[in-house]
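Visitor:
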Amino acid sequence: MDDKRKMQNILNNSLSGLQENPFLAQRVIAQAKGEKPVKRKLSLALVLCIVLGIAIIGTACALLASSQVADFFRQYWGKDMGDWLQEGKVAQVGESVTVGDVVFTLDEVVYRDRGIYGVGTARAVDSKDVLVPMDMAEDWAIWSQKQEGKALISLAETTNGKLIMVNCVPDKIGVDEGTMLTVNAGVYNVRNDDGSITFSFEASGYALEDGTTYQVMLDYETAELGTDGKQVEGSLKLRSGTVSFMPVMMAERTDEPENTATVTANIPQDGYEVMVPDEYRETGTIPYYQAVANDFTAIIRPEWLNRSGILKEESDTGSAYYVFNDHAVLDVAPEYVGYREYTDEQFDYNWRAREVDDPNLEPDWSDKQAFSYSIAAVASFVNWGDDFAKDTVFEKKQLTYLSFEDADTSAKKMMDLLHLSGYELTWALDMDLDRIKMLGKAYNEHWYESGSGFTNSPRYDYDLATAEDEGYYLIYTQTSAAGLDETQGEASFFITKRGIVYAEVRCYYMMGEKAGAPDMLITSEKAVERLYEEVARSRNGEKVVRIKTVELTYMPIRAENKRDGMVFAPVWKVTYVDESGEKKGFDSWAVFNAVNGKLIDAIFR
Amino acid sequence: METVKGPCRSAEEEITYLVETHQLALLRLCFAYLHDQALAEDAVQETFLKAYRKLDQFQGNSNVKTWLSAIAINCCRDMIRGSWFRHIDRSVSVDTLPPRAEDSNPEDDSVSVEVMNLPIRLREVVLLYYFEDMNTNEIAETLRISQQAVSSRLMRARKKLRKALSNYERSERNG
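Here's what the structure looks like:
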């Protein structure tokens with residue numbers, strides 16, 4: 052064999068894992084046609100190829116006056132929601148996936164304002180089987196004792212079929228074949244008279260820009276339920292599938308904001324605080340940074356948190372779950388680390404529901420939360436601002452066995468190990484003995500005695516605490532980026548003399564290297580103007596707002612050029628107070644791309 | 024010689040045929056050049072898009088594979104000029120190669136890794152000469168450099184690859 056041939060073989064063997072994309076030709080043609088008109092028309096066969104290849108049946112939908120998605124959401128979430136979706140872009144899908152004994156068919160999807168909304172149908176392969184919507188099955192133990200649950204159990208007994216829980220959850224979304232993004236998802240399933248389940252979902256992503264073709268990755272799951280309310284062991288079946296679709300407009304709508312003139316006339320000229328980095332003051336701009344997707348599962352070592360050894364380990368694609376010999380639990384996902392201590396004592400997690408809701412409820416036995424976990428819970432509720440802990444502030448930098456500096460060092464060391472950077476301490480609480488007892492008493496009063504709260508968690512007598520239980524509850528926030536909700540870019544720890552006994556860490560993206568700088572940014576005044584425009588055209592339509600702060604910060608979004616992946620882009624985060632409607636008096640926010648002024652995400656969406 | 028745009032084929036049919044015939048080879052070429060599967064896929068798509076737009080201009084003076092490879096190499100070059108590319112460590116190891124058929128020789132991978140870690144100027148001539156089967160004249164035309172420069176770069180690349188290739192030869196003889 053000559054040298055050339057030999058080298059060809061070597062490279063071909065090494066790269067034999069690369070796979071062809073069967074739809075590349077169609078994509079190339081579609082891309083060429085999308086960019087500029089071509090004289091020649093596509094042949095019918097080729098059109099069919101494109102349509103089938105990317106699972107798009109779009110043009111027919113243009114003729115639809117209504118949509119299943121809009122109708123479903125109108126029925127369950129109100130007229131405003133349905134009407135708002137009616138003005139979105141729709142695609143009928145019709146793709147089916149079989150999971151266990153259930154066929155899921157995604158019927159229709161709607162795209163509007165960075166959100167994807169879908170409706171589909173789940174049907175049992177065997178007509179004897181009885182499907183249970185996840186919303187009901189989630190608390191099946193209670194439902195199975197009530198009329199609706201009993202009716203389904205009785206139906207399954209009559210047909211001699213199985214009770215099967217079904218669910219469909221959006222996992223990731225993308226646009227124009229770009230980076231698939233983790234979503235904020237909501238699901239709602241209902242059982243129909245014919246026994247099928249209509250599943251629905253809302254998947255929104257702040258980085259989901261307007262585009263042509265959208266992708267949504269759905270996780271389908273089924274599990275058999277026993278009549279005792281428990282999931283039958285080993286019956287859980289999971290499957291993921293990605294659907295690509297090209298939605299078209301359902302009805303003509305204007306993208307221009309409604310009543311802009313009236314609304315903008317009401318913009319206050321002062322009375323809010325503008326916060327910008329020094330670099331912006333000096334140069335009028337701030338750079339982009341590379342956004343590096345986080346993956347805790349790739350870096351975590353269980354022994355960093357607990358050295359008692361591993362009793363049980365369950366690792367799946369993209370997640371890991373460890374139970375230690377001392378019963379502590381470590382739960383890891385790409386963007387999440389959770390660590391909590393438990394005891395070897397079994398606890399009935401239906402005890403309170405039985406007292407309050409149904410005296411016949413079966414016990415639900417599981418490991419009992421450790422005292423350290425309950426103290427951390429008390430501290431975290433102080434952070435939430437619950438009434439029982441009003442006016443509680445940080446006081447002591449030294450506890451009996453632990454200083455604040457040592458606790459802070461432990462937390463920072465853990466964040467270093469987890470490769471977290473740009474996290475700053477934003478809240479701290481010293482839980483000394485007196486405070487544990489005092490707050491614990493108020494906590495019990497709130498959750499168990501006054502009837503104002505409900506929990507199935509074990510009740511503890513905090514008077515039994517000792518100095519060994521003292522600790523600091525510390526919260527670090529990724530301050531370099533705008534936090535869109537409480538679950539993003541935050542690390543909470545409860546640290547005692549034993550070290551970290553409780554941890555909740557979330558991080559989706561880390562800031563990487565600089566990746567260029569925009570020439571100029573829109574002004575804070577323009578961002579405020581954009582807020583009023585967007586509020587006016589929002590589905591909730593609150594129109595009276597008072598601006599509190601306008602902050603120039605960062606948010607991970609898909610780069611304009613998709614090959615650049617994700618970037619931390621400069622954004623204006625506008626925080627305001629609703630002065631009307633249901634949310635009167637509540638703080639709200641909206642985030643705008645500081646380069647082009649586009650709305651990225653907002654609480655009114 | 025394979026030609027582009029036969030009398031009976033529309034542009035869409037022609038590009039579909041080219042994609043079916045050359046996609047895999049171009050994907051391997053682009054991956055070997057860029058060390059990143061997603062970027063390689065983008066580069067291949069861009070290559071065919073450019074080819075589609077230039078179908079009318081293709082004179083048939085060179086073979087189609089050479090023509091497409093030249094476009095692909097230029098797409099790859101454009102990509103590595105992008106600021107984004109420079110921020111990322113693109114060195115390759117056996118672990119970063121795409122999973123391959125189990126029955127292939129692991130020694131192949133070590134040679135491939137050596138090729139892929141060659142400096143870019145040497146890497147592109149090696150890929151075009153060995154992998155794309157171009158002669159020095161075609162490479163010179165593709166890369167817009169002199170034939171002498173091609174020969175010189177090939178010689179330097181062979182020198183760098185000598186150790187990996189001799190290990191490969193040894194394993195071939197032994198096994």
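Protein sequences, first through last, are from chains A and B. Heads up: the first sequence begins at 52 in the numbering used here, then just goes up one per residue. Heads up: the second sequence begins at 24 in the numbering used here, then just goes up one per residue. Backbone N, C-alpha and C fix where the C-beta goes; we use that ideal spot for every residue, glycine too. Keep in mind it's a predicted model, so treat the numbers as computed, not measured.
Less than 9 Å between the beta carbons of T530 of chain A and S423 of chain A, yes or no?
Guide: No, these two residues do not count as a Cβ contact at 9 Å.
Visitor: Is the segment 158-165 of chain A touching the segment 214-222 of chain A, taking contact as three or more C-beta pairs under 8 Å?
Guide: Contact between the segment 158-165 of chain A and the segment 214-222 of chain A is absent, because fewer than three Cβ pairs lie under 8 Å.
Visitor: Any Cβ of chain B within less than 9 Å of the Cβ of Q59 of chain A?
Guide: Answer yes: the Cβ-Cβ gap between Q59 of chain A and chain B drops below 9 Å somewhere.
Visitor: Quick one, which residues of the segment 59-77 of chain B are near chain A if we go by CB-CB under 8 Å, in chain order?
Guide: Here the close residues are Q60, A61, L62, A63, E64, D65, V67, Q68, F71, L72, Y75, R76.
Visitor: So the alpha helix (DSSP H) S33 of chain B belongs to, where does it begin and stop?
Guide: Neither: S33 of chain B is in no alpha helix (DSSP H) and is coded neither H nor E.
Visitor: What residue from A:M300, A:Q119, A:S501, A:N411 has the CA that sits closest to D704 of chain A's CA?
Guide: Residue coverage of chain A in this structure runs from 52 to 656, which leaves residue 704 of chain A outside it and unanswerable.
Visitor: Out of A:E275, A:D245, A:E576, A:D377, which one is the CA nearest neighbour of V601 of chain A?
Guide: Comparing Cα positions, the closest option is A:E576.
Visitor: So that I know if they touch, is there some Cβ in chain A lying closer than 9 Å to that of Q46 of chain B?
Guide: Chain A, which has a Cβ nearer than 9 Å to the Cβ of Q46 of chain B, makes this yes.
Visitor: Which first and last residues belong to the beta strand (DSSP E) in which E71 of chain A is found?
Guide: Premise fails: E71 of chain A is in no beta strand (DSSP E) and is neither H nor E.
Visitor: Mapping DSSP to helix, strand and coil, what is T305 of chain A?
Guide: Below a pLDDT of 50, predicted positions are generally treated as unreliable, and T305 of chain A, at 38, falls in that range; the measurement from the model is reported next regardless. DSSP places T305 of chain A in coil when its eight states are reduced to three.
Visitor: Going by other Cβ atoms of all chains shown within 10 Å of its Cβ, with 16 needed for buried, is N317 of chain A buried or exposed?
Guide: Because the pLDDT of N317 of chain A is 40, which lies under 50, any placement of that residue in the model is unreliable, and the number read from its coordinates should be weighed accordingly. Exposed.
Visitor: Determine, using beta carbons only, whether A479 of chain A and I526 of chain A come nearer to each other than 9 Å.
Guide: Yes, these two residues count as a Cβ contact at 9 Å.
Visitor: Would you kindly check if the distance between the Cβ of P385 of chain A and the Cβ of F432 of chain A is under 9 Å?
Guide: Cβ distance not < 9 Å, so F432 of chain A and P385 of chain A don't count as in contact.
Visitor: In the structure shown, what three-state DSSP assignment does L62 of chain A receive?
Guide: In this structure, L62 of chain A counts as helix in the three-state DSSP scheme.
Visitor: Hey, quick one: how far does the alpha helix (DSSP H) through I426 of chain A stretch, first residue to last?
Guide: Taken as a continuous stretch (DSSP letters only), the alpha helix (DSSP H) holding I426 of chain A covers 422-434.
Visitor: Should the segment 346-363 of chain A be regarded as contacting the segment 393-401 of chain A, the criterion being three or more beta carbon pairs within less than 8 Å?
Guide: The segment 346-363 of chain A vs the segment 393-401 of chain A: no contact.
Visitor: So, helix, strand or coil for A645 of chain A, using DSSP?
Guide: It is coil, neither helix nor strand.
Visitor: Would you say S135 of chain B faces chain A, with C-beta separation under 9 Å as the test?
Guide: Chain A contact via Cβ: present.
Visitor: On the CB-based measure, 16 or more other CB atoms within 10 Å of its CB, does G200 of chain A come out buried or exposed?
Guide: Buried is the call here.
Visitor: Hey, is T39 of chain B's beta-carbon within less than 9 Å of any beta-carbon in chain A?
Guide: At least one chain A Cβ lies under 9 Å of T39 of chain B.
Visitor: Cα separation between W498 of chain A and T506 of chain A?
Guide: Their backbone Cα atoms lie some 7 Å apart in a straight line.
Visitor: For Y413 of chain A, would you say it is in contact with chain B, using Cβ-to-Cβ distances shorter than 9 Å as the test?
Guide: Sequence check: residue 413 of chain A is Glu here, not Tyr. Not closer than 9 Å to any Cβ of chain B, the Cβ of E413 of chain A fails to qualify, so no.
Visitor: At the level of alpha carbons, what is the spacing between G648 of chain A and F296 of chain A?
Guide: G648 of chain A and F296 of chain A: Cα-Cα distance of roughly 27 Å.
Visitor: From B:N140, B:V42, B:C98, pick the residue whose C-alpha is nearest to that of Y75 of chain B; which is it?
Guide: The option with the nearest alpha carbon to Y75 of chain B is B:V42.
Visitor: Against chain B, which members of the segment 375-402 of chain A pass a CB distance test of less than 8 Å?
Guide: From the segment 375-402 of chain A, no residue has a Cβ closer than 8 Å to chain B.
Visitor: By a C-beta neighbour count over all protein chains shown, 10 Å radius and 16 as the cutoff for buried, is R174 of chain A buried or exposed?
Guide: The residue in question, R174 of chain A, is buried, as its Cβ has 16 or more Cβ neighbours within 10 Å.
Visitor: Could I get the ranges of all uninterrupted alpha helix (DSSP H) runs contained in the segment 451-524 of chain A, with 4 residues as the minimum, in chain order?
Guide: Complete alpha helix (DSSP H) runs here, min 4: 455-468, 484-495.
Visitor: Kindly list the residues whose CB is nearer than 7 Å to the CB of S147 of chain A, restricted to its own chain and excluding five residues on each side of it in sequence; keep chain order.
Guide: So the list reads V154, F155, T156, once near-sequence residues are dropped.
Visitor: If you draw a straight line from the alpha carbon of L49 of chain B to that of N72 of chain A, how long is it in whole angstroms?
Guide: The alpha-carbon atoms of L49 of chain B and N72 of chain A are separated by roughly 12 Å.
Visitor: Give me the residue from A:M231, A:L182, A:K223 with the minimum Cα distance to E208 of chain A.
Guide: Among A:M231, A:L182, A:K223, the Cα nearest to that of E208 of chain A belongs to A:L182.
Visitor: Have a look at E275 of chain A and V552 of chain A and give me their C-alpha separation to the nearest angstrom.
Guide: Between E275 of chain A and V552 of chain A, the C-alpha separation is close to 36 Å.
Visitor: Just verifying my parser: in three-state terms, what is the DSSP assignment at G563 of chain A?
Guide: In the structure shown, G563 of chain A sits in a strand (DSSP, three-state: E or B).
Visitor: If you reduce the DSSP assignment to three classes, tell me which class K186 of chain B lands in.
Guide: Three-state DSSP puts K186 of chain B in a helix.
Visitor: With DSSP as the reference, label D131 of chain B as helix, strand or coil.
Guide: Here D131 of chain B sits in helix by DSSP.
Visitor: For V642 of chain A, which residues in the same chain have their Cβ closer than 8 Å to its Cβ, ignoring the five residues on either side in sequence?
Guide: Closer than 8 Å at the Cβ level, and outside the excluded window around V642 of chain A, lie Y257, A533, L535, M606, V622, W623, K624, V625, L650, I651, D652, A653.
Visitor: Would V173 of chain B pass as an interface residue toward chain A - the criterion being a Cβ-Cβ separation below 9 Å?
Guide: Not an interface residue.
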